[in-house]
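Undergrad: What follows is a single structure, and I will ask about it in a moment.
Residue numbers (full-length UniProt numbering): 1 to 347.
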């Protein structure tokens with residue numbers, strides 16, 4: 001990125017890649033227009049450019065993985081993230097013969113990232129996918145990442161929005177504002193941002209949203225009944241591409257959408273880590289606290305791993321049981337006020 005002010009004191013912003021022409025981006029910096037143009041320029045940039053890797057090398061395995069059926073089934077956003085991680089790895093280790101790599105070598109790479117355990121675990125997963133591909137084409141016999149160490153992390157991931165967060169956001173953004181519409185869509189559908197930003201009239205069948213989503217390399221058809229608090233969606237104008245749109249009526253990109261929601265949440269006084277995914281987690285929490293089973297929640301959100309949803313239902317069940325336990329205790333040891341001369345008596 002190249003940012004400076006010209007002789008007229010006007011800010012100039014350019015997207016730059018080594019050895020390639022720079023692309024002018026609109027200002028102001030980090031505005032919605034900036035992010036839209038930035039991600040467009042980034043998406044247009046060819047990935048993994050350079051001379052072909054040596055046959056049998058780690059770089060060759062990565063290039064082959066990019067052309068595999070497994071990689072083709074990934075969502076576009078996942079492909080971009082995977083490429084960024086693997087291309088960075090290939091720049092340093094792409095020359096290494098893949099047949100010589102052992103679990104101890106992968107452990108060494110993980111140890112080198114010990115200060116960022118989440119990044120270390122993600123690298124292990126991405127390399128494991130490449131090694132599985134390499135096994136399928138006969139480049140190696142064993143996946144050296146399969147038995148590699150996993151680093152425990154304390155992070156719980158994206159922060160779940162609380163009811164206080166939701167109330168404060170609604171206080172800041174009135175009904176009908178784009179920011180309010182986006183929040184309500186996320187909260188009452190449980191959709192991922194990549195699906196929420198493309199949700200529109202074409203997905204409405206009677207009183208249900210029917211939308212296809214890709215989850216864990218599998219296509220899933222979701223049927224999400226319209227929540228009563230989302231009924232206002234039926235009164236929105238039909239001229240826009242999507243329910244969540246820009247002031248020009250165009251669909252928002254995934255990444256600019258995240259920054260837009262974060263900024264809207266910040267103006268409402270919410271913590272800086274208030275993200276669209278945190279609203280998806282709030283939708284799961286609400287469903288669990290309403291007494292929904294893990295399978296019922298998964299039918300709304302499209303999750304494929306029941307363990308992830310069981311965390312919400314377990315927390316909700318513990319809350320319910322704690323209240324029931326305290327109510328039983330109160331009934332068992334009632335403190336009655338009798339004759340003032342007798343004082344307090346337990347029964």
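By construction, the Cβ of each residue, glycine as well, lies at the ideal position given by its N, Cα and C atoms.
Just the C-alpha distance for residue 76 and residue 158, rounded to the nearest angstrom, thanks.
TA: Taking the chain shown and counting its residues from 1, one reaches residue 76 at position 76. Taking the chain shown and counting its residues from 1, one reaches residue 158 at position 158. Annotation: residue 76 to residue 158 spans about 21 Å, alpha carbon to alpha carbon.
Undergrad: Is the beta carbon of residue 144 closer than 9 Å to that of residue 103?
TA: Within the chain shown, residue 103 is the residue found at index 103, counting from 1. Within the chain shown, residue 144 is the residue found at index 144, counting from 1. Yes, they are a contact pair.
Undergrad: Please go through the segment 183-226 and give each complete beta strand (DSSP E) segment of 3 or more residues, from N-terminal end onward.
TA: 208-215 and 218-225
Undergrad: Under the rule that 16 or more other beta-carbon atoms within 10 Å means buried, what is residue 325, buried or exposed?
TA: Sequence index remark: in the chain shown, residue 325 carries index 325 (1-based). The residue in question, residue 325, is exposed, as its Cβ has fewer than 16 Cβ neighbours within 10 Å.
Undergrad: Would a C-beta distance cut-off of 9 Å place residue 254 and residue 193 closer than the cut-off?
TA: Counting from one through the chain shown, the residue named residue 254 turns up at place 254. Counting from one through the chain shown, the residue named residue 193 turns up at place 193. Result yes, Cβ atoms of residue 254 and residue 193 sit closer than 9 Å.
Undergrad: Reducing DSSP to helix, strand and coil, say where residue 24 ends up.
TA: Position 24 of the chain shown, counted from the start, is the residue given in the question as residue 24. If DSSP states are grouped into helix, strand and coil, residue 24 belongs with the strands.
Undergrad: Residues in the same chain with beta-carbon distance under 7 Å from residue 267, minus the five sequence neighbours each way, listed in chain order, please.
TA: Against the chain shown, residue 267 aligns to sequence position 267. Cβ within range, chain order: 172.
Undergrad: First and last residue of the alpha helix (DSSP H) that includes residue 312?
TA: Within the chain shown, numbered from 1, the residue matching residue 312 stands at position 312. First-last of the alpha helix (DSSP H) with residue 312: 306-332.
Undergrad: How big is the Cα-Cα spacing for residue 136 and residue 90?
TA: If you number the chain shown from 1, residue 136 lands on position 136. If you number the chain shown from 1, residue 90 lands on position 90. Taking the straight line joining both Cα atoms gives about 20 Å.
Undergrad: For a quick check, are the C-beta atoms of residue 276 and residue 186 less than 9 Å apart?
TA: Sequence index remark: in the chain shown, residue 276 carries index 276 (1-based). Sequence index remark: in the chain shown, residue 186 carries index 186 (1-based). Contact flag set, yes.
Undergrad: Give the straight-line distance between the Cα atoms of residue 323 and residue 330, rounded to the nearest whole angstrom.
TA: Numbered from 1 along the chain shown, position 323 holds the residue referred to as residue 323. Numbered from 1 along the chain shown, position 330 holds the residue referred to as residue 330. The alpha-carbon atoms of residue 323 and residue 330 are separated by roughly 11 Å.
Undergrad: Counting Cβ pairs, one atom from each stretch, are 3 or more of them under 8 Å apart for the segment 232-247 and the segment 51-69?
TA: no
Undergrad: What's the C-alpha gap between residue 291 and residue 150?
TA: Taking the chain shown and counting its residues from 1, one reaches residue 291 at position 291. Taking the chain shown and counting its residues from 1, one reaches residue 150 at position 150. Near 34 Å, if we compare the C-alpha coordinates of residue 150 and residue 291.
Undergrad: Residue 233 and residue 222 - do their beta-carbons sit closer together than 9 Å?
TA: Counting from 1 along the chain shown, the entry for residue 222 is found at position 222. Counting from 1 along the chain shown, the entry for residue 233 is found at position 233. Not a contact, by the Cβ cut-off of 9 Å.
Undergrad: Starting from the C-beta of residue 49, find all residues in its chain whose C-beta is less than 7 Å away, skip the five residues before and the five after it, and write them out in chain order.
TA: One-based indexing of the chain shown puts residue 49 at position 49. The predicted model places residue 49 with a pLDDT of 42, which falls under 50 and marks its position as unreliable, so this point remains unresolved.
Undergrad: Cutting at 6 Å between CB atoms, please list the residues of its own chain near residue 96, excluding the five before and the five after it.
TA: In the chain shown, counting from the first residue as 1, residue 96 sits at position 96. Same-chain partners within the cutoff: 58.
Undergrad: Would you be able to state if there are at least three C-beta pairs under 8 Å between the segment 101-121 and the segment 77-84?
TA: Cβ pair count under 8 Å is below three, so no.
Undergrad: Bridge partners for residue 13 per DSSP, in chain order?
TA: Taking the chain shown and counting its residues from 1, one reaches residue 13 at position 13. Beta-bridge pairing links residue 13 to 3 and 25.
Undergrad: What's the gap between the Cα of residue 175 and the Cα of residue 188?
TA: Start at 1 with the first residue of the chain shown, and residue 175 comes out as number 175. Start at 1 with the first residue of the chain shown, and residue 188 comes out as number 188. Those two C-alpha atoms are separated by around 15 Å.
Undergrad: Let me make sure I understand the geometry here. Which of 107, 164 and 301 has the alpha-carbon closest to that of residue 270?
TA: Position 270 of the chain shown, counting from 1, holds the residue named residue 270. 164 is the residue among 107, 164 and 301 whose C-alpha sits nearest the C-alpha of residue 270.
Undergrad: Using 8 Å for Cβ pairs, my map puts residue 130 next to residue 62. What's the rounded Cβ distance?
TA: Along the chain shown, read from residue 1 onward, the residue named residue 130 stands at position 130. Along the chain shown, read from residue 1 onward, the residue named residue 62 stands at position 62. Sure, about 6 Å apart at Cβ, within 8 Å.
Undergrad: Hey, could you find the ends of the alpha helix (DSSP H) residue 161 is sitting in?
TA: One-based indexing of the chain shown puts residue 161 at position 161. No alpha helix (DSSP H) holds residue 161; DSSP gives it neither H nor E.
Undergrad: Do residue 182 and residue 264 have their CB atoms nearer than 9 Å?
TA: Against the chain shown, residue 182 aligns to sequence position 182. Against the chain shown, residue 264 aligns to sequence position 264. Taking 9 Å as the Cβ cut-off, residue 182 and residue 264 qualify as a contacting pair.
Undergrad: Between which residues of its own chain and residue 230 is the CB-CB distance below 8 Å, once the five residues before and five after are set aside?
TA: On the chain shown, position 230 is the one that residue 230 refers to. Excluding positions up to five away in sequence, the list reads 184, 185, 188 and 189.
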